[in-house]
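Protein chains in written order, with our numbering: chain P, 1 to 352; chain R, 1 to 172.
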Amino acid sequence: MKRFDYVRPATVAEAVAAAAEPGAAYLAGGTNLLDLMKSGAAAPGRLVDVSRLPGLDRIEELPDGGLRIGALVRNADLAHDSDFARRFPAIAEALLSGASAQLRNAATVGGNLLQRTRCAWFADPASACNRRAPGSGCDARGGDSRQQAVLGWNEACVATHPSDFCVPLAALDAVVEIEGRAGRRAVAFEDFHRLPGQTPERETTLAQGELVVALRLPAGAEAFSANARYLKVRERTSFAFAVVSAAAALRLEGGRIAEARLALGGVAAKPWRCPEAEALLAGRPPGPEAFRQAAEAALAEARAPGDNAFKIELARRTAARALTLALAGTPARVPALPASPFAPVPGALVHA
Amino acid sequence: MTVTVTTTINGDAEEFVCEADETLLDVLRDHLGLTGSKEGCATGDCGACSVMLDGRLVCSCLVLAAEAEGRQVETIEGMARGRELHPLQQKFLDAAALQCGICTPGFLVAAKALLERNPDPSETEVRYWLAGNLCRCTGYDKIVRAVLETAADMKSADMKSAGMKSAGMRSA
Ligand SMILES: Cc1cc2nc3c(=O)[nH]c(=O)nc-3n(C[C@H](O)[C@H](O)[C@H](O)COP(=O)(O)OP(=O)(O)OC[C@H]3O[C@@H](n4cnc5c(N)ncnc54)[C@H](O)[C@@H]3O)c2cc1C
Ligand code: SF4
Ligand code: FES
Ligand code: FES
């Protein structure tokens, strides 16, 4: 690791001031940042340890019926909060499908949003990578493309955002609260992560030194609690990043879909919300035909940068399956094997 | 940059000086002689470095030693009470739930954390909870069975002592 200064500010204001200079980075659970520092892919000159900042580890009710989750709430604590899991089951399922018990215990809400891509060339300082070293090129092209994007990518970068948690957050219109030297601002989840464009190194809307302090879920998000699921296709049954994943949520009224939410993971540099699919489902009777059409719409623009065209059809099937699972109803408890495609789905063919 | 850290390890107050870039695992093994926690990967993948930090199971390879300031650290060295092994340790021995043993301390610390949280886990729950602990030798089956059997033993021991207590109360 490159040598660095370690500071532990006592307040949010002190933290924001300490991280204002380029080269400073926040340390929360450390499960992503320390890993990247060991390989040399990240080399901050100063670590600002925010893990003990007061007041950021709470889950609070908002007067308008929404929920505010502090940036330092640990992934495991959020998922195991039974009230939270009842109201936002797809988020709890996504959290529990990610990483391992050890890592979920350390990982924070803020760190999960800000985690970097798992692109192998990004993590290897000896490789060319526009995201890590702007303008250096992209050694990922021509390499193993299973984890690469099929939506929203360009020649500059084909990497994906690896978070499970962020997929249902995108579907449920979460809001990110950010504190900087100019004060506090709120950003819609949709606008928080960025596609590569010509500046793949700019992964989010955060400016140097801005701190994520909380996440808000709007009051309306709870209306999906009876029919909300997360489904994650991975290389192993557990403890692997998503090749493709989907969060699906339905609000049913009189046998029809009043409102649908759909977002995909593992397919783009950001959690991928599917507004066309949602529009197509609204007002229709739920079922295989509607779900298949929605899945087609969600992937209409998809193209493969390498040998990963299979992900396009896999993403369609995952989306349709997640909608089918949502229609079947949220299980009373998060399944012991969360988000697993190997669980039987009522009304779906095993090999569909 | 050097950092002075005051912390508690297995119940004992501990003070050490380390570099800012040293992990908790580095300090446990290289400064404090607590070599039970292992480094299998240093990237969060294998769980051989599992410890409890303020009562939560974490990978000590992804925690800076400086972060232990004022915290309670529990390692595999604190699991037995003197010469008396923890029931999980005894069961791992009896059931031969290990071969080379590199993964064992991590499995034991993680399994203890699981049983404290969920004393009656299903096999799927055991397997999923222990997914963050890799073993290259055993094929996992004996490990999973050892944890399930320990849970069952601890439960029946609890029931017995609860039964004895209520019997005692009746006779008193
Ligand atoms: C082996 C392994 C397997 C994993 N598997 C999965 C998986 O299957 N699914 C999944 O979703 N994730 C997975 N993860 C990733 C894990 O979820 C993230 O590492 C974790 O969520 C990051 O949170 P943290 O608090 O540890 O962040 P840190 O490592 O502390 O920080 C990560 C980044 O966020 C920045 N940051 C942290 N907090 C803030 C804040 N409040 N404001 C602004 N910036 C901030 C840091 O500066 C850093 O750049 C895995 C990780 C590992 C090591
Ligand atoms: S795909 Fe993106 S992250 Fe991966 S090497 Fe290319 S530029 Fe870097
Ligand atoms: S050494 Fe820490 S997880 Fe492998
Ligand atoms: S016994 Fe050798 S790694 Fe598990």
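The beta-carbon is built from N, C-alpha and C at its ideal position, and this holds for glycine as well.
Next item on the list: Examine chain R for any beta-carbon lying closer than 8 Å to the beta-carbon of P:N154, and answer yes or no.
Entry: Not one chain R Cβ lies under 8 Å of P:N154.
Check: Do P:N308 and P:S51 have their CB atoms nearer than 8 Å?
Finding: no
Notebook entry, point to check: Listed in chain order, which residues of the stretch 230 to 246 of chain P have Cβ atoms closer than 7 Å to some Cβ of chain R?
Noted result: S238, F239
Checklist line | Coil, strand or helix - P:W121 by DSSP | finding: coil
Check: Just to confirm, are R:A66 and R:V5 a CB contact at a threshold of 8 Å?
Finding: yes
Note to self: Quick check on R:T35: does DSSP put it in helix, strand or coil?
What the structure shows: coil
Next item on the list: Reducing DSSP to helix, strand and coil, say where P:S97 ends up.
Entry: Here P:S97 sits in helix by DSSP.
Check: Which ranges would you report for the beta strand (DSSP E) in the stretch 35 to 102 of chain R if only whole runs of at least 3 residues count?
Finding: 50 to 53, 56 to 59, 72 to 74
Item checked: Where P:F310 sits in the DSSP three-state scheme -> helix
Check: If you draw a straight line from the alpha carbon of P:A156 to that of P:A128, how long is it in whole angstroms?
Finding: Between P:A156 and P:A128, the alpha-carbon positions lie close to 11 Å from each other.
Notebook entry, point to check: Any Cβ of chain P within less than 8 Å of the Cβ of R:Y140?
Noted result: no
Check: Exposed or buried, which one is R:I9 when buried takes at least 16 other CB atoms within 10 Å?
Finding: R:I9 is buried by the Cβ-count criterion.
Next item on the list: Would you kindly check if the distance between the Cβ of P:A76 and the Cβ of P:R104 is under 8 Å?
Entry: yes
Next item on the list: Compute the beta-carbon to beta-carbon distance between P:L337 and P:R229, rounded to the nearest angstrom, for a pair I have assumed lies under 8 Å.
Entry: About 13 Å separates the two Cβ atoms, so there is no contact after all.
Checklist line | Distance between R:A20 and P:A242 (C-alpha atoms, nearest Å) | finding: 33 Å
Check: Does DSSP put P:R256 in a helix, in a strand, or in coil?
Finding: Residue state, collapsed to three classes: strand.
Next item on the list: Could you say which of P:P196, P:G265, P:A171, P:T318 lies nearest to P:Q147 if we only look at CA atoms?
Entry: P:G265
Next item on the list: Name, going along the chain, the residues of the stretch 326 to 339 of chain P whose beta-carbon falls closer than 7 Å to a beta-carbon of chain R.
Entry: Taking 7 Å as the Cβ-Cβ cut-off against chain R, the residues of the stretch 326 to 339 of chain P that qualify are A336, L337.
Notebook entry, point to check: When you compare only the Cα positions, how much space is there between P:G209 and P:R181?
Noted result: 8 Å
Next item on the list: Please determine if the stretch 291 to 298 of chain P and the stretch 262 to 280 of chain P are in contact, where contact requires at least 3 C-beta pairs separated by less than 8 Å.
Entry: yes
Notebook entry, point to check: Between R:P87 and the rest of its own chain, which residues show a CB-CB distance below 7 Å, the 5 nearest in sequence each way excluded?
Noted result: T150, D153, M154
Notebook entry, point to check: Just to check, is the beta-carbon of P:T117 closer than 7 Å to a non-hydrogen atom of ligand 2?
Noted result: yes
Item checked: Rounded separation between P:A315 and P:P331 - CA only -> 23 Å
Item checked: Pairwise C-alpha distance: R:D158 and R:G168 -> Note on R:G168: pLDDT 42, under 50, position unreliable in the model; no value is reported.
Check: Going along the stretch 114 to 133 of chain R in order, which residues come within less than 7 Å of chain P, judged by CB to CB distance?
Finding: S122, T124, E125, Y128, W129, A131, G132
Next item on the list: Look at P:D164 and P:A269 and say whether their C-beta atoms are less than 8 Å apart.
Entry: no
Check: Which of the residues in the stretch 16 to 31 of chain P, read from start to end, lie with their CB under 9 Å from any CB of chain R?
Finding: L27, G29, G30, T31
Next item on the list: Thinking P:E301 and P:L151 are a contact (beta carbons under 8 Å), I'd like their distance in whole angstroms, please.
Entry: 6 Å
Notebook entry, point to check: Within the chosen definition, does the stretch 182 to 190 of chain P reach the stretch 42 to 58 of chain P through at least 3 CB pairs nearer than 8 Å?
Noted result: no
Next item on the list: Compute the beta-carbon to beta-carbon distance between P:A28 and P:G111, rounded to the nearest angstrom, for a pair I have assumed lies under 8 Å.
Entry: 4 Å
Next item on the list: Please determine, among P:L36, P:T117, P:E61, P:V7, the residue with the shortest C-alpha to C-alpha distance to P:E222.
Entry: P:E61
Checklist line | Counted within 10 angstroms of its Cβ, other Cβ atoms place P:R131 as buried (16 or more) or exposed | finding: P:R131 is buried by the Cβ-count criterion.
Next item on the list: Use the C-beta contact count for R:C137: other C-beta atoms within 10 angstroms, 16 or more gives buried, fewer gives exposed.
Entry: Exposed, since its Cβ has fewer than 16 Cβ neighbours within 10 Å.
Margin query: Per the DSSP calculation, P:S245 is bridged to which residue(s)?
Written below: P:K232, P:G265
Notebook entry, point to check: If contact means a Cβ-Cβ distance below 8 Å, which residues of the stretch 281 to 315 of chain P contact chain R?
Noted result: none
Checklist line | Assumed close pair R:E14, R:T7 - CB separation to whole angstroms, cut-off 8 Å | finding: 5 Å
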